[in-house]
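With the working numbering as the guide, the letters of the sequence shown map in order to residues 59 to 438.
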Amino acid sequence: MTESRFHPLGLLRAFLRPIDPQLMLILGALLGYAYFLMISASPDRLEAQTINTVVALAAMWVAATISSQRMLSLALPLYIVGVVLLVAVELFGEVSKGAQRWLHVGVTRIQPSELMKIAMPLMLAWYFQQREGQIGFRDFIVAGLLLVVPVGLILIQPDLGTSLLVTTAGFYVIFFAGLSWKLIVPVALVGIIGIGSIIAFGDTLCQPGVDWYGLREYQKHRVCTLLDPTQDPLGKGFHIIQSTIAIGSGGVLGKGWMAGTQTHLAFLPERHTDFIFAVLAEELGLAGAIVLLIIYVLLLARGFQISVNAPTLASKLLGGAITMIFFTYAFVNMGMVSGILPVVGVPLPFVSYGGTALVTLCLGVGILMSIQRSRLSSPK
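1) Taking 8 Å as the threshold (C-beta atoms), are SER365 and SER125 in contact?
2) Quick check: what's the CA-CA separation for TRP184 versus GLY295?
3) DSSP three-state call for LEU357: helix, strand or coil?
4) Among LEU416, GLN265 and SER131, which has the Cα closest to the Cα of LEU89?
5) Using 10 angstroms around the beta-carbon of GLN192, count the other beta-carbons present and answer buried if the total reaches 16, otherwise exposed.
6) Could you pull the start and end residues of the alpha helix (DSSP H) that THR225 belongs to?
7) Would you give the residue range spanned by the alpha helix (DSSP H) that ARG128 belongs to?
8) State the CB to CB distance for the pair PRO407 and LEU399, rounded to an integer number of angstroms; the pair is presumed to be in contact (CB under 8 Å).
9) Restricting to Cα atoms, I'd like to know which of GLN289, VAL310, PHE233 and LEU326 is closest to ALA304.
10) So VAL395 and SER98 are in contact, right, with Cβ under 8 Å, and what is the actual spacing, rounded?
11) Quick check on DSSP: helix, strand or coil for ARG103?
12) If distances are taken between C-alpha atoms only, which option among VAL390, LEU180 and MET96 comes closest to ILE425?
13) Using only CA atoms, which one of ILE138, TRP119, LEU213 and PHE362 lies nearest to PHE385?
14) Out of VAL120, PHE195, LEU371 and TYR91, which has the shortest C-alpha to C-alpha gap to LYS240?
15) Ignore the nearest five residues each way along the sequence and tell me which others in VAL145's own chain have a CB closer than 7 Å to its CB.
16) Mind checking whether LEU421 and ALA121 have CB atoms under 8 Å apart?
17) Going by DSSP in three states, GLN215 sits in which element: helix, strand or coil?
18) I'd like to check one pair, ARG103 with TYR411: are the Cβ atoms closer than 8 Å?
19) By Cβ distance, which residues of its chain are closer than 6 Å to VAL231, with the 5 residues on each side in sequence left out?
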């Protein structure tokens, strides 16, 4: 009996037990797509991306092996550690490219804001679990305060892209916990009016010397560039102009793999990271983009299926929020590459080159697998 436990087949089964086959198949398709595009966009980074992928998959497997209840017990410590590290970044962080986002710890440096992408929804899911059956208006106020603290610390670094992702991650948990539409609609109306005003009076608001309260100058430039990238075609508007040219020139079937002119003549900036969707659209066309969208839809569908069938309220909230985080990454990236959203440095999930974002996203997949495993092992 003891020997069979260490039999190679037994070890393989034990290794695969935490893995959800459907999620793994979808993730494999996305990672395969990523390598296919990376060969064209930046073949010299394939080795580094392989290492990133191995580390990310290992993190996913570890997360999948931890029970969802055990994971929730870590919510408060992770949240506190994350906030403390964000404060440390503000006090002692390293400045790079005008932003203070990194904290040097011994032999390496870390970006604590990345931790909050997972710690934030985990914390809020745990909080609402404690209040199950008696969730009231006060609880949404408390949840909002828990969200505002880390987001505010990330904004002052400044890091608009990460603050957006952490905000949406927390908001999804609050929304799924039962936030009233009476509170959402007024905020949405204010946002719509604000966006409409910027569009209507953009020529005046984007003039030099006009300050936008609450936004830094570079953030103002991003919005103004979105409204009219031709005002600075060789500067702030270069990214959007070249990206939209690449997407439009791909047509329905694309120019062919490794045949993209915008990509290989170096007109397309950041082609292996934030703008890899433009590489896809130029070389594989609308057809290639639709295939990617179908894979993302399958990922979202499986994530929601796991969340709806989760055994506890916290698992439902956490699974739903993580699934919506995948959607947010994809929507924001495709929006900014297509020129309908400002450039905020959000990668295309599971496809863009990079280690930190890939590990964070794979951790999310691992948490979904953990929730699914908890459901299968819970008493009927």
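Where a beta carbon is used, it is the ideal one built from N, C-alpha and C, also for glycine.
In this text, all values refer to a predicted model and were calculated from it rather than measured experimentally.
The short version:
1) The answer is no: Cβ separation not under 8 Å.
2) For TRP184 and GLY295, the gap between their C-alpha atoms comes out near 43 Å.
3) If DSSP states are grouped into helix, strand and coil, LEU357 belongs with the helices.
4) For the set LEU416, GLN265 and SER131, the Cα lying nearest the Cα of LEU89 is the one of LEU416.
5) Looking at its Cβ environment, which holds fewer than 16 other Cβ atoms inside 10 Å, GLN192 is exposed.
6) 218-234 is the extent of the alpha helix (DSSP H) around THR225.
7) Run containing ARG128: 126-131, per the alpha helix (DSSP H) assignment.
8) That belief does not hold up - the Cβ atoms of PRO407 and LEU399 are roughly 15 Å apart, past 8 Å.
9) Closest option to ALA304, Cα to Cα, is LEU326.
10) Not confirmed; about 16 Å, so no contact.
11) Note: ARG103 maps to helix in three-state DSSP.
12) If we check each option's Cα against that of ILE425, LEU180 comes out closest.
13) Taking only the C-alpha atoms, the option nearest PHE385 is PHE362.
14) Considering only alpha carbons, the answer is PHE195.
15) Setting aside the 5 residues that flank it on each side, VAL145 is surrounded in the same chain by LEU211, each with a C-beta closer than 7 Å to its C-beta; the list follows chain order.
16) Taking 8 Å as the Cβ cut-off, LEU421 and ALA121 qualify as a contacting pair.
17) Residue state for GLN215 is assigned as coil, using DSSP reduced to three classes.
18) Yes. Within cutoff.
19) Counting only Cβ-Cβ distances below 6 Å, and skipping sequence neighbours, we find PRO179, LEU182, ALA183, LEU375 and ALA379.
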